[in-house]
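Asker: Numbering (numbering that gives the first Met the number 0), first residue to last: 0 to 255.
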Amino acid sequence: MPKTQDYFAGKTIVITGAASGIGRATAKIFAREGANVVCADINEQGAHDTAEAVNGAGSQALVLKVDVCSRPQVDEMAQRAIDAFGGVQFLFNSAGAAIRRAKFLEIDDALMKTTFELNVNGTLYGMQAVLPHMLKNKLGVIVNMASMAHRRGGPGSSIHYAAAKGAVVSMTMGVAREFASQGIRALSISPGPIRTPFQDAAQSSPELVQRFLDDVPMKRFGKPEEIGELVLFMCSDACPFMTADTVYVNGGGGWR
Ligand SMILES: NC(=O)c1ccc[n+]([C@@H]2O[C@H](COP(=O)([O-])OP(=O)(O)OC[C@H]3O[C@@H](n4cnc5c(N)ncnc54)[C@H](O)[C@@H]3O)[C@@H](O)[C@H]2O)c1
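1. Suppose contacts are defined by Cβ-Cβ distances below 8 Å. Is A175 in contact with T242 by that definition?
2. Any idea what DSSP makes of G191, helix, strand or coil?
3. Which runs of the alpha helix (DSSP H), 4 residues or longer, sit entirely within the region 133-202?
4. Name the DSSP bridge partner or partners of N92?
5. Consider the C-beta atom of N42 and the heavy atoms of ligand 2; say whether any pair is separated by less than 7 Å.
6. In whole angstroms, what separates the C-alpha of V208 from that of D244?
7. So the alpha helix (DSSP H) V230 belongs to, where does it begin and stop?
8. Got a sec: does ligand 1 put a non-hydrogen atom nearer than 7 Å to the Cβ of C38?
9. Let me check you understand the geometry: is the CB of G250 closer than 7 Å to at least one non-hydrogen atom of ligand 1?
10. Output the distance between the C-alpha atoms of A166 and V73, rounded to the nearest integer angstrom.
11. May I ask which residues mark the beginning and end of the alpha helix (DSSP H) holding T245?
12. Work out the CA separation of E105 and G155 for me, nearest whole Å.
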């Protein structure tokens with residue numbers, strides 16, 4: 000929760016991956032707080048549905064069809080967001096995926112490339128697109144989606160994905176430290192398994208999903224809203240000394 004009442008009213012967040020799962024849940028939470036929400040996703044219809052929920056909460060939404068793997072499209076996303084709302088204070092890079100599951104010796108160049116383009120380049124482009132604007136205003140918070148996988152290495156199914164999310168954690172730390180004295184904060188979140196269409200998109204087997212669940216001491220999946228509320232806290236004025244780190248949200252699971 001923000002320290003200041005109505006802290007988010009009239010401020011703007013750009014959310015990539017806003018058409019589904021964690022991105023959509025976060026869009027609704029920021030709408031509840033009165034923020035303008037830029038709903039960016041490669042899935043335009045899904046982004047429209049999220050925007051409807053934002054508008055339904057009385058906040059303003061802008062829908063943008065964006066492939067985060069395309070630098071020109073991400074640059075245009077940032078410019079259109081600034082033009083529409085007069086400024087952007089927050090960026091949440093949620094677009095990401097494990098693409099497909101593969102054992103280590105089956106990871107080919109194409110899978111490695113696609114995984115890094117989406118999770119790493121997509122995050123890099125988003126940060127580079129909004130940072131000049133945030134630096135001008137000496138105000139900005141960037142939250143990037145990493146994963147618990149980066150801490151465990153993803154043996155047997157997702158080393159490509161774990162490595163990409165490790166890069167997200169490192170890049171976030173570097174950006175946070177490079178711009179720490181200029182009003183910018185950057186943080187990443189490393190969730191355990193969260194109940195969204197993510198596992199379907201990665202064609203995870205039921206056995207793999209069960210293994211993820213068995214590893215969680217709370218014996219349940221996280222809810223996308225549980226990540227969204229953390230994004231809200233990170234972006235708020237509640238703890239402005241917080242920057243650079245990744246925060247684990249996993250019901251007590253994994254390596255801590
Ligand atoms: N769900 C989990 O268990 C889990 C755990 C750890 C980390 N994560 C991470 O959380 C983030 C959100 O995942 P989710 O669970 O909400 O999954 P999701 O599949 O529900 O949502 C991902 C969204 O990203 C969008 N997207 C995919 N490729 C894109 C592209 N090239 N350009 C723009 N948008 C694109 C999809 O259309 C989708 O709307 C991802 O970065 C994921 O790696 C998820």
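Glycine included, C-beta positions come from ideal geometry on N, C-alpha and C.
Note that the structure is predicted; figures quoted are calculated from it, not measured.
Answerer: Per the coordinate set shown:
1. yes
2. coil
3. 148-151, 158-177 and 197-200
4. T15 and N143
5. Inclusion of ligand 2 in the displayed structure is not the case, the ligand content consisting of ligand 1 alone.
6. 27 Å
7. P223 to C234
8. Result no, Cβ not under 7 Å from ligand 1.
9. no
10. 19 Å
11. T245 -> not in any alpha helix (DSSP H); beta strand (DSSP E) instead, spanning T245 to V248.
12. 10 Å
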